[in-house]
Structures are given as C-alpha cells and as structure tokens.
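K.L.:
Per this note's numbering: the sequence shown = residues 705 to 1193.
Input: one structure, supplied below.
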Amino acid sequence: MIVSMTEFSMLIFHKDYDAFLPELKKLGVFHIAEKNSEGDPEQTQRSQTITEINEAITILAAHKKENDVSSTDESKTIPEILKQIKQAKEKSEEEITEEVKKLMEQYASAYLPSLQKKKSELEEVYELNRVLKNTQEAADGSIKILEGFVPRPEKKRFSAFLDSKGIVYVEKRALFSDNPPILLHNNWFSRLFEPIGSLFSLPSYNDLDLTVFFAPFFALFFGFGMNDAGYGLILLIGATVMKFLGKPKIKRSYLTLVQLLGGITFCFGLITGNIFGFSIAELPGLSLLKNVFLKDKQIFTLAIAIGFVQILFGMTLQGINKMIKFGFKYGLPQVGWIMIILHLLNMFYFKILPLYAHVDVYIGLGLIIFFADPDAGFFKGIGTGIWELFGITGLMGDVLSYIRLFALGVSSAILGLVINSIAWQIEKVSYIGPVLFLIVLIFGHTLNLFVASLGAFVHTMRLTFVEFYKNAGFTGGGNPYKPFAIISN
C-alpha cells in the first residue's frame, strides 16, 4: 500500500528561518522537492556523491649494495645490470604494496567509525544546503517559501509543529501530477517481498502497490520451480539456523523470506512426490502413495491454470484501479478482456455454462473498442480500440510463459535423478566406493540446489515483473520518500 502524501507550502519569516530548519530536520517527516536551475521542481530525485578521494602515491626506492657493480667486474654487461635493477625495483614494489595494504587495513579498522560519523555529518550539511537552495524568497527576502510532502499519518504531528513555531502554511492533498515521493506501508508478510519489488521499480503515485498482490504468487511459483521437498527442507533449516546464530551481515527479514520459500518448496515437493531426486512413491513401503502425487500432465495443466488466474487477477486490479482513480468508463476495457477470456476458457475447457450465442464475447469486444481511450474522439477512440484487440496474441504468449514453471520443476527433478544414478554407479568401486558415493551426492545435490534456487527465483521474478505487472497496468518510476531529518545520532 502506498502511503498518501500531503503537500505543504510554508511561508517562513526571515528572523525565524535559521533556527527553524534544524528543528524541522529533527522532526524527520518532511521531504523537500528538488528544483533545477530555472527553479522548477524536477520529477526525479538526484543522488549526489559526498566525497571522492582518488590519490596516487608514487614511491621510488633504490637499493644500494657495496661492490654491486665494480669497475673490475667486466662480466656484467649494461643490460644485465639494468635487469638486476628492474628485478630489485619490482621486488621492492611488491614489498611496499604489501606493507601499504596492511597499513590501510589497520587504518580502516581503527578509523572506519570516525569516517562513517563524518560522512553522516557531511550528509546532514548537504541536506541543509539543499533545502536552503530550494527555498524561494518573497517580499525582498523577508519571507521564505518552502514546499514539500508529508505522509498523511504524520500530518497532525507536522501541523502541530508548524503551529507551535508560528509558521504560516498552506496544506493540500498531493495530486498525481505533483509526482510525490513513494512511501510503502504493508503488513509483515508483504514487507518480506518489498526488496524483491524494489529490484524492478517503486510504484508511481498513480499505481497500486502490487507487493501484497504478487507476494503469494511469488512464494507459490518459487516452490513450483524448485519442486523438491528435500531442497525446501534444506533452505528452511539453513535459514532457521542462521537466524538462531544471529548472523549480523544478513537481515532477519531476508532469512524469514528464505524460511517461507523453503517451507513452500517443501510442501510442493510433497505434493509432487519428489525428494532429493527420488520419487517418494518408489521408496520402500510407500508405493501405495503413487496415485496421490501429481503426475507430469497434471503439473503442466496446473502451471497453465495458475497463469490464467494471475493474468485475470492482474486485469481485475488494473480495471478497479482505473475506475477508482479516473472514472468508471476507464476500467471497462479490462472488463471486456475478462469476459472474452472467461468465455474462451468455458468454450474450450470447462464447457459448463451455456455460450448464449457468444453474446458475452460481443459485449467484451464492444467494451474494448469503444472505451480503449475515453478521452479521444469517436473515430480515434475506435481506432485505438481495434489496435488494442491485437493484444490477444500477447495475452496467449503471457499464458504460455507460465509453462516455464513446469519445465523448471521437471528439470530440477531430472538433474537430481541423474546425480543419484551416478552416485550409485560409483558406489560399486572397490574400497573407496562408499566415500565417492557420499562426495558425489553432497557435491551434486549442493550444485543442483544452487542452480534450481537461482532458476526458480529469476524466472519467478520474470513472471511477476513482465506478465503480472503488465496486465495489472503497473507503470513504476516512483521515487523513494526520504524525509528531511537528522541522520546521525
């Protein structure tokens, strides 16, 4: 969910101005809009480099050795002497380089906290100067005008602060055209997936925050692509152990996400009957479960079905979002697409509902053609609608993209089976067979776990950011909300 923003324009009297800005910074809720050289607000935030240090140190070292080149030693030619000098120089440079590295490591360990503190102080100074630069002056400099955005949950606290300082301000709800910065607010489950969504883009103020909507699909697709209960159990146990040990370099939310994905993978592996490349039904005493597990044909059908569900869900979200933000007629084309897709599914697969002489298809086509561009003229709008109908080819391509879930799961299971077969063959070797058997199993399944995890993660992101985001009407391009605040303690 995107937190709604409130825009403030403040008239700040000059006598209170210098004392006001540091206190505003302590409040930590106010985002300052950037301006270019003409004084107009820019649509994007800038990232600045605080400090760059690029010093080159050249050290010239000479080694002197008594009688190194004597006047009586005629066996050494000048090239040989130069070669010896070059070798001595290279050796000296290597020794000096090692000494410099050790010295730099000592300095880094000793002075890194001080450098980080100084960096924070410089960032605060920069932020203050940026605010001063983006402040407009009026009434011959006696009045200063500052404009920015505040999240609605912070509006009361911020307004109370301005009132306590005697600041005159104008408050209004931020508009889509203002391109406010983006602050997300989700529940604990959706927050786990926010870093994944940020890999693509933050939503614009005009978009829905799709994190809460793609999160369940993402977890399901990852388990679908891994398709092995054993690998899921390893991910679950590994992340749990790392959380228990309290690894400082890994965020606990990342480990919680791995736990969740591992748990989903474990459950999906049990449904398909795969564990470490073995079929559970082929294990001793478990043959009765053979008909319980999903077959390859059923897994293939499930992948296509999930694709249809997510695409229809995305279209529904896009239609509802357009109706709420722009008006009812703007979401009608998505209603038309949903009617056509449901009709085709019923006609070719379910065959449950009567077709009504394809009346629903004609209604869907009419909604797409006549409402594709409600703001355009009649003929231009119809032309746009007819062009939109060619999207049916892209729609079929989107659905077929979900076959990759089936392919990933099958390939992971096959690779696990191959690893097991090789290990059993090597186990027959005399004396060292059992040792090689364990080595092949551990190394092979570790490699397969890494490849399967990477493939499942990457292809699930692809389905999310391409197929789902496109059908949900996601535009992206939002800028993160970074309030004017105290950075260091």
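Don't be surprised by glycine CBs; every beta carbon is placed ideally from N, CA and C.
It should be emphasised that the depicted structure is a prediction, and the values quoted were computed from it without experimental measurement.
Can you have a look at residue 1120 and say buried or exposed, based on whether 16 or more other CB atoms are within 10 angstroms of its CB?
P.N.:
buried
K.L.:
Checking the sheet assignment: what are the DSSP bridge partners for residue 840?
P.N.:
849
K.L.:
Run the CB neighbour count on residue 1015, radius 10 Å, all protein chains shown included, and call it buried at 16 or more, exposed below.
P.N.:
buried
K.L.:
Please state if the CB of residue 1085 and the CB of residue 1072 are separated by a distance shorter than 7 angstroms.
P.N.:
no
K.L.:
Compute the beta-carbon to beta-carbon distance between residue 1123 and residue 1145, rounded to the nearest angstrom, for a pair I have assumed lies under 8 angstroms.
P.N.:
7 angstroms
K.L.:
Excluding the 5 residues preceding and the 5 following residue 886 in the sequence, name in chain order all residues of the same chain whose CB lies nearer than 7 angstroms to its CB.
P.N.:
706, 906, 907, 909, 1182, 1183, 1184 and 1185
K.L.:
For residue 711 versus residue 837, is the C-beta distance shorter than 7 angstroms?
P.N.:
Residue 837 sits away from residue 711, with the two beta carbons spaced by 7 angstroms or more.
K.L.:
Buried or exposed: residue 892, going by 16 or more other Cβ atoms within 10 Å of its Cβ?
P.N.:
Classification of residue 892: exposed, given that the 10 Å Cβ count is below 16.
K.L.:
Mapping DSSP to helix, strand and coil, what is residue 886?
P.N.:
strand
K.L.:
Quick one: grab the DSSP three-state call for residue 835.
P.N.:
Assigned with DSSP and collapsed to three states, residue 835 falls in helix.
K.L.:
If we count the other Cβ atoms within 10 Å of its Cβ and call it buried at 16 or more, is residue 1179 buried or exposed?
P.N.:
exposed
K.L.:
Applying the criterion that 16 or more other CB atoms from any shown protein chain within 10 Å of the CB defines a buried residue, is residue 816 buried or exposed?
P.N.:
exposed
K.L.:
Per DSSP, residue 982 forms a beta bridge with which residues?
P.N.:
979
K.L.:
On the premise that residue 932 lies in contact with residue 969, defined as a C-beta separation below 8 angstroms, what is that separation, rounded to the nearest angstrom?
P.N.:
7 angstroms
K.L.:
Would you kindly work out how many angstroms separate the C-alpha atoms of residue 1050 and residue 1010, rounded to a whole number?
P.N.:
16 angstroms
K.L.:
Once DSSP output is grouped into helix, strand and coil, what is the label at residue 1136?
P.N.:
Residue 1136: coil per DSSP, three-state reduction.
K.L.:
Just the C-alpha distance for residue 954 and residue 1091, rounded to the nearest angstrom, thanks.
P.N.:
Looking at the two C-alpha atoms, the distance is approximately 49 angstroms.
K.L.:
Are the CB atoms of residue 967 and residue 1109 within a distance shorter than 7 angstroms?
P.N.:
no
K.L.:
Give the range of the alpha helix (DSSP H) segment to which residue 1026 is assigned.
P.N.:
Per DSSP, residue 1026 belongs to the alpha helix (DSSP H) from 1000-1029.
K.L.:
Just checking my contact of residue 975 with residue 993 at CB under 8 angstroms: how many whole Å lie between their CB atoms?
P.N.:
So it is not a contact: roughly 11 angstroms between Cβ atoms.
K.L.:
Work out the CA separation of residue 915 and residue 797 for me, nearest whole Å.
P.N.:
54 angstroms
K.L.:
How should residue 757 be labelled, buried or exposed, when 16 other C-beta atoms within 10 angstroms of its C-beta is the threshold for buried?
P.N.:
Below a pLDDT of 50, predicted positions are generally treated as unreliable, and residue 757, at 34, falls in that range; no measurement from the model is reported.
K.L.:
Does the beta-carbon of residue 744 have 16 or more other beta-carbons within 10 angstroms, so that it is buried, or is it exposed?
P.N.:
In this predicted model, residue 744 has a pLDDT of only 47, less than 50, meaning its place in the structure is not dependable; the value taken from the coordinates is given anyway. Exposed is the call here.
K.L.:
Kindly indicate which residue of 879, 1100, 1026 and 1114 has the alpha-carbon position closest to the one of residue 1076.
P.N.:
Closest by alpha carbon: 1026.
K.L.:
Hey, residue 963 and residue 937: beta-carbon distance below 7 angstroms or not?
P.N.:
no
K.L.:
Buried or exposed: residue 855, going by 16 or more other Cβ atoms within 10 Å of its Cβ?
P.N.:
buried
K.L.:
Spatial neighbours of residue 818 within its chain, please: CB distance less than 8 angstroms, with the 5 preceding and 5 following residues excluded, ordered by chain position.
P.N.:
none
K.L.:
Expressed to the nearest angstrom, what Euclidean distance is found between the alpha-carbon atoms of residue 1074 and residue 1097?
P.N.:
20 angstroms
K.L.:
Assign residue 950 to one of three DSSP states: helix, strand, or coil.
P.N.:
coil
K.L.:
Work out the CA separation of residue 811 and residue 794 for me, nearest whole Å.
P.N.:
25 angstroms
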